[in-house]
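Quick note: the sequence shown uses full-length UniProt numbering, first residue 1, plus one each step. By construction, the Cβ of each residue, glycine as well, lies at the ideal position given by its N, Cα and C atoms. Here the structure is a predicted model, which means the values were calculated and not measured. Before any comments, here is the structure.
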Amino acid sequence: MMRSLAGRLVLLFSILVSVAMASMGAYAYYSLDAQLRSRDAEIVEAKLTQVAHAIRDSDGGMWNHDIEHSVADLMRGYDGLALRVRSIKGKLIYRTSDALPLDFDLGPPALGVRDEGAWVTGKRIVETVPGTPSALVSVAKSGVDRRQVVGRFGKSIAIGVLVGVVLTALVGALITRRELRPARSLVQQVNRINVEQLSYRVSAPVTPTEVHAIGVAFNAMLERMEAGYERLYRFSADLAHDLRTPLNNLIGHTEVALSRERTVADYVALLEGNLAEYQRLSRMIDAMLFLARADAATAKLDCVSVDLGAELSKLAGYFTVLSEDKGVTIAVSASGWLSADLMMFRRAVGNLLSNAIRHAAPGSTVVVSCEQAQGDVTLHVSNTGTPIPDSDLERVFDRFHRGDQARSNSDQSTGLGLAIVRSIMELHDGKAYAATLPDDVTRFSLQFPAT
1 MMRSLAGRLV LLFSILVSVA MASMGAYAYY SLDAQLRSRD AEIVEAKLTQ VAHAIRDSDG
61 GMWNHDIEHS VADLMRGYDG LALRVRSIKG KLIYRTSDAL PLDFDLGPPA LGVRDEGAWV
121 TGKRIVETVP GTPSALVSVA KSGVDRRQVV GRFGKSIAIG VLVGVVLTAL VGALITRREL
181 RPARSLVQQV NRINVEQLSY RVSAPVTPTE VHAIGVAFNA MLERMEAGYE RLYRFSADLA
241 HDLRTPLNNL IGHTEVALSR ERTVADYVAL LEGNLAEYQR LSRMIDAMLF LARADAATAK
301 LDCVSVDLGA ELSKLAGYFT VLSEDKGVTI AVSASGWLSA DLMMFRRAVG NLLSNAIRHA
361 APGSTVVVSC EQAQGDVTLH VSNTGTPIPD SDLERVFDRF HRGDQARSNS DQSTGLGLAI
421 VRSIMELHDG KAYAATLPDD VTRFSLQFPA T
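Below, the structure written as structure tokens:
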């Protein structure tokens, strides 16, 4: 099978042109043949009429030399035209050629003009006295000249079709090669791209539009790849930083403990500190595994009807101790129902509450509310505190993303809580977003689609 697009285009176009030209040639061939047969039939009909008039107009309707000369003059100038005149009883009275089939005018008279392939024949009974047949006139036109003309025309058509197909293939190949030049240029540009040149963008030609669309789509793909590579780079750097911190703490504490003799209480304190670091590492690994399953779409949803008022009140009560330690209160103002995986719903809202309490100003209130619009249910978790810069609002849900101030206290979180929230909402075909409101209010929202 031909793999080249240019080759397939040339082949298909050549086949199309050959079929079209052959169809037109066949139509012209058979039209010419039909017209020539029609012309022969008209000649035969005309000669039958002329000979019949000559016989009827003769003196007494008897065959004589005058009639013979008149008939000979009528037949002169026509190649392949023959005439026979017989009496009603079948006696041959006159003939102009011996080339005719011997029996073409015998048998029961099939009057009129007939196309018999090699000959076009015609018969007519002549009545010199009304009601009294006196002669049977038969005229035949040979098809030799017609077949010669049609044969030569058919050969000309065949040669024309062959030449046309060859020229079409050659010209089509040149045109296709020229028109595919932008595609080859695009391929050359693409081949120059590697992982170190993701910022490179191909030059998409204006025409043809198909290649232009490919170039635009490829540039869009490069932008997505570059953004993904940058996120992966940041993720790797942040992951290394966040894993290094607890590991350095473990190593440092252990080295200090081993530097001299310690009491049992010192070793217990060391193990308790190490346990906290291990727990933090465990939480980080669990969060990364959850995100990996969510990205691979292997996490299965078990959606149920969730009573928002009851569930949000339970979650608020769960975080009461943490909020009291921070001097923050939690207010829930929500009601209604939505369809969601209950465990994931609790995890997403819990992560938002934990984040809001951690960054809320002492003495402020974290407000949990909801609203419904066009069937969608949107939950809001708002807190008053240091607002998030506008440049960070789009990145707060990225993995390990933390502002510089939060980075210094990175031991308080894994940096994956909001990323988990976004993955949970994507699994529910919803979305998570953040906004900064007046009076230093930061609001995180979870929008669940209508079911």
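Threshold first: 4 residues or longer. Then list the alpha helix (DSSP H) segments lying entirely within the stretch 181-264, N to C.
181-191, 209-258
Leaving aside the five residues before and after Ala434 along the sequence, list all residues of the same chain whose C-beta is less than 6 angstroms from its C-beta, in chain order.
If you number the sequence shown from 1, residue 434 lands on position 434. Closer than 6 angstroms at the Cβ level, and outside the excluded window around Ala434, lie Leu393, Val396, Phe444.
Have a look at Tyr94 and Ala28 and give me their C-alpha separation to the nearest angstrom.
The count along the sequence shown starts at 1 and reaches residue 94 at position 94. The count along the sequence shown starts at 1 and reaches residue 28 at position 28. Roughly 39 angstroms between the two C-alpha positions.
Limits of the beta strand (DSSP E) - the one that residue 453 falls within
The structure shown does not extend to residue 453, since the chain spans only 1 to 451, so no value can be given for it.
The beta strand (DSSP E) enclosing Ala331, as first and last residue numbers:
The residue you call residue 331 lines up with position 331 of the sequence shown. Taken as a continuous stretch (DSSP letters only), the beta strand (DSSP E) holding Ala331 covers 329-333.
Going by CA-CA distance only, name the one from Met75, Asp429, Pro182, Ser156 that's closest to residue 453.
What the structure shows of the chain is the stretch from 1 to 451, and residue 453 is not part of that stretch, so it cannot be assessed.
Roughly how far, in whole angstroms, is the beta-carbon of Leu211 from the beta-carbon of Leu186, given that I think they are within contact range, below 8 angstroms?
Within the sequence shown, the letter at position 211 stands for residue 211. Within the sequence shown, the letter at position 186 stands for residue 186. The residue asked about is misnamed: residue 211 is Val in this sequence, not Leu. Sure, about 6 angstroms apart at Cβ, within 8 angstroms.
Per-residue DSSP class, three states only, for Thr168:
Your numbering for residue 168 matches position 168 in the sequence shown. Helix at Thr168.
What's the C-alpha gap between Ala331 and Tyr278?
Residue mapping note: residue 331 aligns to position 331 of the sequence shown, counting from 1. Residue mapping note: residue 278 aligns to position 278 of the sequence shown, counting from 1. One C-alpha to the other measures close to 34 angstroms.
What does a CB cutoff of less than 6 angstroms around Gly327 pick up in its chain, not counting 5 residues either side in sequence?
Along the sequence shown, read from residue 1 onward, the residue named residue 327 stands at position 327. Pro362, Gly363, listed in sequence order.
Quick one: residues in its chain with C-beta nearer than 6 angstroms to the C-beta of Val304, no 5 flanking neighbours on either side, listed in chain order?
Locating residue 304 in the sequence shown gives position 304, where the first residue counts as 1. Within the same chain, Val304 has close Cβ partners Leu342.
In terms of residue numbering, what span does the beta strand (DSSP E) encompassing Ser354 cover?
Taking the first residue of the sequence shown as 1, we reach residue 354 at position 354. Counting along the chain, Ser354 falls outside any beta strand (DSSP E), though it belongs to the alpha helix (DSSP H) covering 342-359.
What runs of the beta strand (DSSP E), each 3 residues or longer, lie entirely inside the stretch 266-312?
303-307
Out of curiosity, what's the CA-to-CA distance linking Ser408 and Arg358?
As a first step, residue 408 must be located in the sequence shown, where it is residue number 408. As a first step, residue 358 must be located in the sequence shown, where it is residue number 358. Here the model assigns Ser408 a pLDDT of 39, short of 50, so the residue's position is not dependable and the matter cannot be decided.
Say yes only if the C-beta of Glu42 is nearer than 8 angstroms to one or more non-hydrogen atoms of the ligand ZN, and no if none qualify.
Among the components modelled here there is no ligand, and therefore nothing to report on the ligand ZN.
Rounding to the nearest angstrom, what Cα-Cα distance links Glu426 and Met344 in this structure?
One-based indexing of the sequence shown puts residue 426 at position 426. One-based indexing of the sequence shown puts residue 344 at position 344. Distance between the alpha carbons of Glu426 and Met344 is about 11 angstroms.
The beta strand (DSSP E) with residue 453 in it runs from where to where?
This structure cannot settle anything about residue 453, because the visible part of the chain is limited to 1 through 451.
Is it right to say Leu308 is buried, meaning 16 or more other beta carbons lie within 10 angstroms of its own, or is it exposed?
Here residue 308 refers to the residue found at position 308 when the sequence shown is read from its first residue. Label assigned to Leu308: buried.
Check this for me: beta carbons of Ala6 and Ala213, under 9 angstroms apart or not?
By 1-based counting over the sequence shown, the position of residue 6 is 6. By 1-based counting over the sequence shown, the position of residue 213 is 213. Against a cut-off of 9 angstroms, the Cβ pair of Ala213 and Ala6 comes out as no contact.
Starting from Thr386 and walking both ways along the beta strand (DSSP E), at which residues does that stretch end?
Working through the sequence shown from its first residue, we reach residue 386 at position 386. Premise fails: Thr386 is in no beta strand (DSSP E) and is neither H nor E.
Taking 8 angstroms as the threshold, find out whether the stretch 80-95 comes into contact with the stretch 159-168 through three or more Cβ pairs.
no
Contacts around Glu45, its chain only, beta-carbon distance under 8 angstroms, and the 5 residues preceding and following it disregarded
Indexing the sequence shown from 1 puts residue 45 at position 45. Around Glu45: Val113, Gly122.
Tell me where the alpha helix (DSSP H) around Glu394 begins and ends.
In the sequence shown, the residue the question calls residue 394 occupies position 394. Counting along the chain, Glu394 falls outside any alpha helix (DSSP H), and DSSP gives it neither H nor E.
Closest by C-alpha distance to Gly215, when choosing among Leu167, Tyr200, Tyr229
Reading the sequence shown from its first residue, position 215 is the one you call residue 215. Nearest option by C-alpha distance: Tyr200.
Continuous beta strand (DSSP E) stretch holding Tyr433: start and end
For the purposes of this step, residue 433 is identified with residue 433 of the sequence shown, where counting begins at 1. From DSSP, the beta strand (DSSP E) with Tyr433 extends over 431-437.
In the DSSP assignment, what residue or residues form a beta bridge with Met380?
Taking the sequence shown and counting its residues from 1, one reaches residue 380 at position 380. Per the sequence presented here, residue 380 reads as His, with Met not at that position. Looking at the DSSP assignment, His380 forms a beta bridge with Ser369, Ser445.
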